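This report refers to the structure that appears directly beneath it.
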Amino acid sequence: MFDPKLSEFTLIGSRSEGAQDSAAPELPPQASADSGTGLGMAPVKGSLYSDHGGGGGGGGGGQQAEGPAVNRLEAARLAQFERLAPVAQAVVAVQYGQLEIVERLVNHGAVCAGAVDSEGCPLLHWAAVNNRLDIARFLCDSGADTSATGGIMQENCLQWAVRSGKMEMVRLLVDRGADARARNSHGHDALFLALQHPLDSGGAAPAPQAPSAEDYLDIVIFLLACASADPCSVDKDGFTPLMWVIKNKAMTPDLLRVLLTFGAASEAVLKQTDYEYGNTVLHWGLLAGASPFLLADLMKLGANEHTPNKAGLRPVDFRNAQGRLPGEVQHLLYMRSTFNARRVLPARGF
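Using the working numbering, the first residue of the sequence shown is number 3, and each one after it goes up by one.
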């Protein structure tokens, strides 16, 4: 039964916490698991009763509201919140970082730590994608299952945390037993997701506090070094992590060096072909215009330039716009008979 004492919630983040007495927006409805990203998750920023008026610079005249008006607004907000079902209350509280409300709901038996919302997304997922570390710790301590899946793509909480680009949350969930090798409906594990972030904003100004390419690189290193992520996993389209970053031109020297250091160019990976075209990583490197140094290094590691794809084309048959192979590849082919392949990283960059 829902404890009626829960209706006595104080407005955490309001005047009792030292906030200004300016007008705040209405309490938003429960976020949909299908909204925002299309991936079954929607990060929420701000405080449940945060102050967005006055000094927030978000429009309006910055004039502070009268005390009685604020009290009426807060009372209306609280009434709206209390009309939600307990699980919906918990979801909103988690999204907005209201640990005290989450603790009361769980400790009074209104919801369990592993509760899911109306669309099958667990509370821990919402804590993960919104980087609510204290709430995630509390939910894990209270019995939340880090292996539970939810959202459109049926991902675990670690996969949602990786998408948000927050190392602290990724580390916490791995420490609490989250599986870095769990796959979503596309066959992508946490490592794949960390590799799929946009490397730049196309010249646009980055969003405030948006994770950078370096943040995701740190997550990649952590997953490979500390979370037993598989650098040679194959998704439902036949791509390995190395094939994916090369095909999609998401490669940087540091990222490629990390992947190669952790064995992402194993013999099996170099022989792997995607299921649609039958291309190897060397095919995709040539198609994507990868650095000749990278192509040569893949060949040194064992990539076969004579493997045909489904169209019967071998990597050696590919030509650039000038009708010839990259010079470094031509030189390597010329020296192939005397070359002794070694599994070492080059001193130069890619």
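Cβ coordinates follow ideal geometry from the N, Cα and C atoms, glycine included.
No experiment lies behind these values; they were computed from the predicted model shown.
* Asked: Got a sec, what are the start and stop residues for the alpha helix (DSSP H) A295 sits in?
  -> In the sequence on display, residue 295 carries Phe and not Ala. Unbroken alpha helix (DSSP H) run through F295: 294 to 302.
* To do: Please check the pair V164 and A146, which I expect to be a contact at CB under 8 Å, by giving their CB distance rounded to whole angstroms.
  => V164 to A146, Cβ: 18 Å. No contact.
* To do: Assign Q100 to buried or exposed, taking buried as 16 or more other Cβ atoms, counted over all protein chains shown, within 10 Å of its Cβ.
  => buried
* Could you have a look at N306 and say whether DSSP puts it in helix, strand or coil? => coil
* DSSP-derived helix/strand/coil call for L41 -> Legend: pLDDT at L41 = 36, less than 50; position of this residue unreliable, no value from coordinates given.
* To do: With distances taken Cα to Cα, identify the nearest neighbour of T148 among G167, L125, P213, E105.
  => L125
* Asked: Whole-angstrom Cβ separation of V113 and P88, contact assumed at under 8 Å?
  -> 5 Å
* Can you say whether Y98 is buried or exposed, counting buried as having 16 or more other CB atoms within 10 angstroms of its CB? => buried
* Whole-angstrom C-beta distance between G167 and H127, which should lie under 8 Å -> That belief does not hold up - the Cβ atoms of H127 and G167 are roughly 16 Å apart, past 8 Å.
* To do: Use the C-beta contact count for Y218: other C-beta atoms within 10 angstroms, 16 or more gives buried, fewer gives exposed.
  => buried
* Asked: Should V104 and I137 be called a contact, given that it needs their Cβ atoms to be closer than 7 Å?
  -> yes
* Supposed contact pair G240 and Q274 - C-beta distance, whole angstroms, cut 8 Å -> 7 Å
* Three-state secondary structure assigned by DSSP to P213 -> coil
* Within 7 Å, strictly: CB atoms of L244 and L261 -> yes
* Asked: What are the partner residues of T151, as DSSP defines its beta bridges?
  -> N158
* Per DSSP, what kind of secondary structure is V318 in: helix, strand or coil? -> helix
* Buried/exposed call for H199, threshold 16 Cβ in 10 Å -> buried
* **Span separating the alpha-carbon of E1 from that of M253** => The shown model of the chain, from 3 to 352, leaves out residue 1, and the question about it has no answer.
* Go ahead and label E269 buried or exposed: buried means 16 or more other beta carbons lie within 10 angstroms of its beta carbon, across all protein chains shown. => exposed
* **Whole-angstrom distance between L160 and S187, CA atom to CA atom** => 15 Å
* **Simplified DSSP assignment, three categories, for G70** => Checking the sequence, you will find Pro at residue 70 rather than Gly. In this structure, P70 counts as helix in the three-state DSSP scheme.
* What residue from D237, L174, G111 has the CA that sits closest to R183's CA? -> D237
* In chain order, which continuous runs of the alpha helix (DSSP H) of length 4 or greater are located wholly inside the segment 212 to 254? -> 215 to 228, 243 to 249
* **Neighbourhood of F320 by C-beta, 6 Å cutoff - its chain only, sequence neighbours within 5 removed** => L288
* Straight-line CA distance for K302 to L175? -> 38 Å
* Asked: In or out: P294 buried (at least 16 other Cβ within 10 Å) or exposed?
  -> buried
* Asked: Taking the C-alpha atoms as reference points, what is the distance between G179 and T309?
  -> 41 Å
* Taking 7 Å as the cut-off, decide whether the C-beta atoms of L257 and A305 are in contact. => no
* Asked: Between the Cα of N311 and the Cα atoms of L297, T282, D299, A292, which residue gives the shortest distance?
  -> T282
* To do: For the alpha helix (DSSP H) holding R183, just list the boundary residues, first then last.
  => Premise fails: R183 is in no alpha helix (DSSP H) and is neither H nor E.
* To do: Give the DSSP bridge partners of D124, in chain order.
  => Here the sequence assigns Pro to residue 124, which means Asp is not the residue at that position. Looking at the DSSP assignment, P124 forms a beta bridge with V118.
* Nearest-angstrom beta carbon gap, L135 and E157 [assumed within contact, 8 Å] -> Contact doesn't hold; Cβ gap of about 19 Å is too wide.
* Beta-carbon contacts of V247 that lie in its chain and below 8 Å, excluding the five residues immediately before and after -> L197, M253, L257, L258, L261
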